[in-house]
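Engineer:
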Amino acid sequence: MRALVVGGTGFVGMNVARALVRHGHDVAITRRVRANTLFARKLGAKLVVAELDDVDSLEGAMRGRDVVFHCAGYYPRYSVNPDEQVAIARRATANVLNAAERAGVQRLVLTSSVATIGSPTGGRVLSNEGDRMSESARSSVYFLVKDVIEQDVLSVKGVDTVVACPAGIVGELDVKAGTGFVFLALSRGMMPLYVDGKANIVDADDMADGHVAVALRGKGGQRYILGGHNTTVREFLVGVSEELGVQFRSCRIPLAVAGPLATFDEMRCVMRGKGERPFMAREFVDMVRYGQWFDASKAAADLDFLATTPMHLTIRKACAWYRRFRYISRAEQVEPATVQVRRSKSDGQSSTMQA
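Residue numbers (the working numbering): 67 to 421.
This is the structure in structure tokens:
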């Protein structure tokens with residue numbers, strides 16, 4: 067296919083672009099004028115300047131492309147001003163859709179999130195694509211924005227659209243250390259607190275291959291969970307700590323405490339006005355609060371896709387990448403663990419539940 071990745075200098079976009087190149091497709095990626103392209107230039111894809119607020123530049127980038135991967139869905143920095151955040155998200159999404167229709171794009175693949183998948187019903191343990199987000203979850207700005215973007219894309223008439231809903235992505239090319247913030251914090255002994263709950267972790271390479279499968283075999287108007295391993299936050303953090311060779315000392319705090327703490331910390335960052343990252347981001351707390359375990363069987367059936375990378379290898383690959391590019395250095399790591407943290411049985415449960 068002749069593909070364009072919108073947001074091709076971001077974590078998801080670069081991994082998707084790399085997978086497309088690996089599968090032999092003709093790939094171009096959009097970059098903003100001031101974007102860091104250090105890693106994107108090495109992907110083997112053509113770089114095209116385009117801005118989300120400039121429909122003409124987006125249309126120009128999309129001309130001659132069969133499929134557009136929209137990997138630049140708006141991500142609110144803070145969980146404040148929901149009306150304003152939704153307006154920003156809808157404006158950017160409308161620009162992408164308008165450009166795709168004008169450029170005659172055959173298919174648009176949206177990178178959404180499992181945040182838009184609701185709780186399981188009918189006595190099921192695992193959530194699937196038929197489960198809708200609850201009204202209580204829409205009180206989260208992050209969840210609300212992701213749901214609005216997804217609904218706007220699926221309701222458009224002029225372009226064939228399909229939605230990829232990846233779980234928590236871990237892997238290489240995380241230039242801004244999004245998920246990688248956890249790796250950095252644990253390596254430096256700077257995560258005193260954590261909130262436990264259900265989680266699903268997918269390898270970045272598996273996620274990217276899933277996007278390619280969605281584009282080639284996905285059914286129009288459908289959404290597909292690109293899930294990996296059903297686990298818990300604690301299980302994941304322990305796995306990262308063990309791979310880093312550090313002792314997991316973080317203390318679990320209840321959601322009733324984490325929510326107000328995250329809100330207060332975000333307000334502090336907003337008032338400082340420097341765009342700094344909160345110590346405990348509200349969307350991470352919300353992900354735990356509304357987190358589910360997921361059934362990825364629809365992707366397996368329709369797309370012939372199943373994430374197969376074991377979670378410990380995903381963590382190992384990510385650690386190696388952060389070390390290679392000096393996000394983590396040996397000098398920054400705290401003293402190695404002197405006692406073993408007993409692993410739970412969730413890895414075994416994960417495989418059974420995922421199947």
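Ideal Cβ positions, reconstructed from N, Cα and C, are used throughout, including at glycine.
1) Hey, how far is the Cα of Met337 from the Cα of Ser179?
2) Since Val219 is in the alpha helix (DSSP H), which residue starts that stretch and which ends it?
3) Can you tell me which of the three DSSP states Lys285 falls into?
4) Please classify Gly287: is it buried, with 16 or more other beta-carbons within 10 angstroms of its beta-carbon, or exposed?
5) Which same chain residues end up closer than 7 Å to Trp387 when comparing Cβ atoms and leaving out the 5 residues on each side of it in sequence?
6) Can you name the start and end residues of the alpha helix (DSSP H) that Phe350 belongs to?
7) Check whether the Cβ atoms of Leu292 and Ala233 lie closer than 8 Å to each other.
8) Three Cβ pairs or more, each shorter than 8 Å: is that satisfied between the segment 113–122 and the segment 83–102?
9) Counting only beta-carbon separations shorter than 8 Å, does Gly224 have a partner in chain D?
10) Apart from the five residues on each side of it in sequence, which residues of its chain come closer than 8 Å, Cβ to Cβ, to Met333?
11) Expressed to the nearest angstrom, what Euclidean distance is found between the alpha-carbon atoms of Ala158 and Gln313?
12) To the nearest angstrom, how far is it from the Cα of Gln399 to the Cα of Gly305?
13) When the Cα atoms are used, what is the spatial distance from Lys264 to Leu379?
14) In the segment 218–254, which residue ranges form an unbroken beta strand (DSSP E) of at least 3 residues, counting only runs that do not cross its ends?
15) Give me the DSSP bridge partner(s) of Ala69.
16) Kindly give me the distance between the Cβ atoms of Leu282 and Ala230, rounded to whole angstroms, as I take these residues to be in contact under 8 Å.
17) Terminal residues of the continuous alpha helix (DSSP H) containing Lys383?
18) Of the choices Tyr290, Gly255, Gly130, whose alpha-carbon is the least far from that of Asp197?
19) Kindly indicate which three-state DSSP category Ser123 falls into: helix, strand or coil?
20) First and last residue of the alpha helix (DSSP H) that includes Ala158?
21) Take Ala279 and list the residues in its own chain whose beta-carbon comes closer than 8 Å to its own, dropping the five residues that flank it on each side.
22) Using the rule of at least 16 other Cβ atoms within 10 Å of the residue's Cβ for burial, across every protein chain shown, is Cys317 buried or exposed?
23) Starting from Leu310 and walking both ways along the alpha helix (DSSP H), at which residues does that stretch end?
24) Sorted by chain position, which residues of the same chain lie with C-beta nearer than 7 Å to Arg68's C-beta, five sequence neighbours on each side aside?
25) In whole angstroms, what is the alpha-carbon distance linking Tyr356 and Ser185?
26) Who pairs with Leu109 in a beta bridge, going by DSSP?
27) Under a three-way DSSP split, which group does Ala366 fall into?
28) Could you check whether Val207 and Pro148 sit closer than 8 Å to each other, using their CB atoms as the reference points?
29) Quick check on DSSP: helix, strand or coil for Gln399?
30) What separation, rounded to the nearest whole angstrom, lies between the Cα atoms of Tyr141 and Asp352?
31) Assuming Val134 and Ala166 form a contact by the criterion Cβ under 8 Å, report the distance between their Cβ atoms to the nearest whole angstrom.
32) Kindly indicate which residue of Phe105, Phe77, Asn81 has the alpha-carbon position closest to the one of Asp271.
33) Thinking Ala85 and Ile95 are a contact (beta carbons under 8 Å), I'd like their distance in whole angstroms, please.
34) Please state whether DSSP places Val280 in a helix, a strand or coil.
35) My guess is that His277 and Met377 are in contact by the Cβ rule of under 8 Å, so how many angstroms apart are they, rounded?
Structural biologist: The structure says:
1) Indexing the sequence shown from 1 puts residue 337 at position 271. Indexing the sequence shown from 1 puts residue 179 at position 113. Their backbone Cα atoms lie some 29 Å apart in a straight line.
2) Taking the first residue of the sequence shown as 1, we reach residue 219 at position 153. Here the alpha helix (DSSP H) through Val219 covers 207–221.
3) Translated into the one-based positions of the sequence shown, residue 285 becomes position 219. In the structure shown, Lys285 sits in coil (DSSP, three-state: anything other than H, G, I, E or B).
4) Position 221 of the sequence shown holds residue 287. Burial call: exposed.
5) In the sequence shown, the residue the question calls residue 387 occupies position 321. Cβ contact annotation for Trp387 (same chain, cutoff 7 Å, sequence separation greater than five): Glu238, in chain order.
6) Here the question's residue 350 lines up with position 284 in the sequence shown. Taken as a continuous stretch (DSSP letters only), the alpha helix (DSSP H) holding Phe350 covers 348–355.
7) Numbered from 1 along the sequence shown, position 226 holds the residue referred to as residue 292. Numbered from 1 along the sequence shown, position 167 holds the residue referred to as residue 233. Leu292 is a Cβ neighbour of Ala233, given a cutoff of 8 Å.
8) Note that the segment 113–122 touches the segment 83–102; at least 3 beta-carbon pairs, one per stretch, sit closer than 8 Å.
9) No chain D is present in this structure, which holds just one protein chain.
10) Your numbering for residue 333 matches position 267 in the sequence shown. These residues qualify, in order along the chain: Val146.
11) Mapped onto the sequence shown, residue 158 falls at position 92. Mapped onto the sequence shown, residue 313 falls at position 247. Taking the CA atoms as reference points, Ala158 sits about 43 Å from Gln313.
12) Taking the sequence shown and counting its residues from 1, one reaches residue 399 at position 333. Taking the sequence shown and counting its residues from 1, one reaches residue 305 at position 239. The predicted model places Gln399 with a pLDDT of 48, which falls under 50 and marks its position as unreliable; any figure quoted below should be read in that light. Whole-angstrom Cα-Cα distance: 16 Å.
13) Against the sequence shown, residue 264 aligns to sequence position 198. Against the sequence shown, residue 379 aligns to sequence position 313. If I take the Cα positions, the gap works out to 20 Å.
14) Within the segment 218–254, the complete beta strand (DSSP E) runs of at least 3 residues are 226–232, 234–236.
15) Mapped onto the sequence shown, residue 69 falls at position 3. DSSP, once it has assigned bridges, lists Val93, Val133 as partnering Ala69.
16) Counting from one through the sequence shown, the residue named residue 282 turns up at place 216. Counting from one through the sequence shown, the residue named residue 230 turns up at place 164. About 12 Å; that fails the 8 Å criterion.
17) Within the sequence shown, the letter at position 317 stands for residue 383. Following the DSSP letters along the chain, one finds Lys383 inside the alpha helix (DSSP H) bounded by residues 377–390.
18) The count along the sequence shown starts at 1 and reaches residue 197 at position 131. Distances from the CA of Asp197 to each of Tyr290, Gly255, Gly130 were compared; the closest alpha carbon is that of Tyr290.
19) Looking up residue 123 in the sequence shown gives position 57. In this structure, DSSP gives Ser123 a helical state, which the three-state scheme calls helix.
20) Mapped onto the sequence shown, residue 158 falls at position 92. Segment 148–169, the alpha helix (DSSP H) holding Ala158.
21) By 1-based counting over the sequence shown, the position of residue 279 is 213. Within the same chain, Cβ atoms closer than 8 Å to the Cβ of Ala279 are found at Ala365, Leu369, Asp370, Phe371, the five residues on either side in sequence being excluded.
22) In the sequence shown, the residue the question calls residue 317 occupies position 251. That one is exposed.
23) Position 244 of the sequence shown, counting from 1, holds the residue named residue 310. If you look at Leu310, you'll find it in the alpha helix (DSSP H) that goes 299–310.
24) In the sequence shown, the residue the question calls residue 68 occupies position 2. Only Asp92, Gly130, Arg131, Asp132 meet the Cβ criterion.
25) Numbered from its first residue, the sequence shown carries residue 356 at position 290. Numbered from its first residue, the sequence shown carries residue 185 at position 119. Rounded to the nearest angstrom, the two C-alpha atoms are 8 Å apart.
26) Indexing the sequence shown from 1 puts residue 109 at position 43. Per DSSP, Leu109 has no beta bridge partner at all.
27) Walking along the sequence shown from the start, residue 366 turns up at place 300. Secondary structure at Ala366: helix, using DSSP grouped into helix, strand and coil.
28) Within the sequence shown, the letter at position 82 stands for residue 148. Within the sequence shown, the letter at position 141 stands for residue 207. Yes.
29) Locating residue 399 in the sequence shown gives position 333, where the first residue counts as 1. Note that Gln399 scores a pLDDT of 48, beneath 50, so its modelled location is shaky; the value from the coordinates is reported in the next line. Correct three-state label for Gln399: coil.
30) Sequence index remark: in the sequence shown, residue 141 carries index 75 (1-based). Sequence index remark: in the sequence shown, residue 352 carries index 286 (1-based). Each residue's Cα considered, the two are about 14 Å apart.
31) Residue 134 sits at position 68 when you count from the first residue of the sequence shown. Residue 166 sits at position 100 when you count from the first residue of the sequence shown. With 8 Å as the limit, Val134 and Ala166 qualify as a contact, their Cβ atoms being about 5 Å apart.
32) For the purposes of this step, residue 271 is identified with residue 205 of the sequence shown, where counting begins at 1. Out of Phe105, Phe77, Asn81, Asn81 has the C-alpha closest to the C-alpha of Asp271.
33) Looking up residue 85 in the sequence shown gives position 19. Looking up residue 95 in the sequence shown gives position 29. In fact, because the Cβ distance is near 12 Å, the residues do not count as touching under 8 Å.
34) Taking the sequence shown and counting its residues from 1, one reaches residue 280 at position 214. It is helical.
35) In the sequence shown, residue 277 corresponds to position 211, counting from 1. In the sequence shown, residue 377 corresponds to position 311, counting from 1. 20 Å between Cβ atoms; not a contact.
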